[in-house]
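Participant: Mind having a look at this structure? Questions to follow.
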Amino acid sequence: MGKHPKAVLVALGAQLIVLPMVCFGLVLLFDLSPVLAVGMMMLAASPGGSSANLFSHLFGGDVALNISLTAINSVIAVVTLPLITNLAIWVFDPFDDQLGLQWAKTIEVFAIVLLPVLAGMLIRRTWRQFAAAMDRPVRIASVIVLAVVIAGAVVTNWDILVEDGPRLIAITVLFCLLSLAVGFWAPRGFGIEPRQALASSFEIGIHNATLAIVIAQTVMGSVELSLPAAVYGVLMFFIALGFGYLVRGRAAAAQPVQAGEH
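Take 277 as the starting number for the sequence shown in this note's numbering and just add one per residue.
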């Protein structure tokens, strides 16, 4: 749990409990089609993305807390993501065959996506200079992979995106804003320091959209199911930037960040 167990517990509670409830309410409010509704719930259940570390660094958050949260949440999500997705499939019934998300295949996808993350953490701990030199190229490669995956989902489902695009953009923007807000203000409500609250905010607001897309397309065999994650994967960076600039002043006023602390 590291140096800040309270911050970890609050952030995990917001990520695993509050966020799916918020997403479920938004799905009902926007009256999405069953497939897109399940896609949104799958997105809500996905763990934080590695880009959260970068945003946390830019805006003075606790990067070490981000790394811990990503590792813990990724392990927990092996159970919670299939559970929440299967519950969403049961509620919204998007498929005629009633086939849910199979646990064995999900673990295979998690291994493919998360093993590089675990390897990166090991390299960072063992070969720090090499890790520092490779940090920027790896981040660039990750963005390129995400862009290619998103482009494929958009091109394949262009007709659906044109029809439901405005509603899908609206719900993903609102969900991202609420995720960032919950991630920041829930810890602050529990008396957690601003640096940890910022880290929590980006961890909860920046999802691993690539993971959600891969599971939707590879395990579930539905590119349409991946559309919410694809749209969210594009918009979350711009929304997180704006949110970071907005909240950084409040965090600095509450507790100035010392030079070199992050």
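Built from N, CA and C at the ideal position, the CB exists for glycine as well.
Model, not experiment: these values are computed from the prediction.
(1) Anyone know if the C-beta pair for Thr448 and Tyr521 falls short of 8 Å?
(2) For the candidate residues Asp369, Leu474, Ala320, whose alpha-carbon lies nearest to that of Ile489?
(3) So, helix, strand or coil for His333, using DSSP?
(4) Could you tell me the distance, in whole angstroms, from the CA atom of Gln374 to the CA atom of Ala283?
(5) Let me check understanding here. Comparing Cα to Cα, which of Thr486, Val294, Val339 lies closest to Leu501?
(6) Let's test the definition: count the other Cβ atoms within 10 Å of the Cβ of Ile480 and tell me whether it reaches 16, buried, or not, exposed.
(7) CB Thr361 to CB Leu292, shorter than 8 Å?
(8) With three or more beta-carbon pairs closer than 8 Å as the criterion, would you say the stretch 328-347 touches the stretch 443-458?
(9) Going by DSSP, what residue range makes up the alpha helix (DSSP H) through Trp366?
(10) For Ile515, which of Ala492, Ser498, His483 has the nearest alpha-carbon?
(11) Please classify Gly254: does DSSP put it in a helix, a strand, or coil?
(12) Is the Cβ-Cβ distance between Leu334 and Leu444 less than 8 Å?
(13) Please classify Phe519: is it buried, with 16 or more other beta-carbons within 10 angstroms of its beta-carbon, or exposed?
(14) If you compare alpha carbons, which of Val367, Phe371, Val303, Val354 is closest to Gly497?
(15) Hey, Gly315 and Leu474: beta-carbon distance below 8 Å or not?
(16) So does Asp369 have its beta carbon nearer than 7 Å to some heavy atom of the ligand SAH?
(17) Starting from Met297, follow the alpha helix (DSSP H) in both directions and report where the run begins and ends.
(18) For Pro413, count the other beta carbons within 10 Å of its own beta carbon; 16 or more makes it buried, fewer makes it exposed. Which is it?
(19) Would you call the CB atoms of Leu304 and Leu450 closer than 8 Å?
(20) So, using beta-carbon positions, are Ala340 and Gly459 closer together than 8 Å?
(21) Nearest to Ala380 by CA position, among Val367, Arg401, Val354, Trp366, is which residue?
(22) For Leu330, collect the residues of the same chain with a Cβ closer than 6 Å to its Cβ; drop the 5 residues on either side in sequence, then sort them by chain order.
(23) Where DSSP assigns a beta bridge to His483, which residues make up the other side?
(24) What residue range does the alpha helix (DSSP H) around Val284 cover?
Facilitator: For this structure:
(1) no
(2) Ala320
(3) helix
(4) The predicted model places Gln374 with a pLDDT of 49, which falls under 50 and marks its position as unreliable, so this point remains unresolved.
(5) Minimum Cα distance to Leu501 is reached at Thr486.
(6) buried
(7) Not a contact, by the Cβ cut-off of 8 Å.
(8) no
(9) 339-368
(10) His483
(11) What the structure shows of the chain is the stretch from 277 to 538, and residue 254 is not part of that stretch, so it cannot be assessed.
(12) no
(13) buried
(14) Phe371
(15) no
(16) Judged by which ligands are present, the structure shown has none, so any question about the ligand SAH falls away.
(17) 295-306
(18) exposed
(19) no
(20) no
(21) Val354
(22) none
(23) Gly324
(24) 281-289
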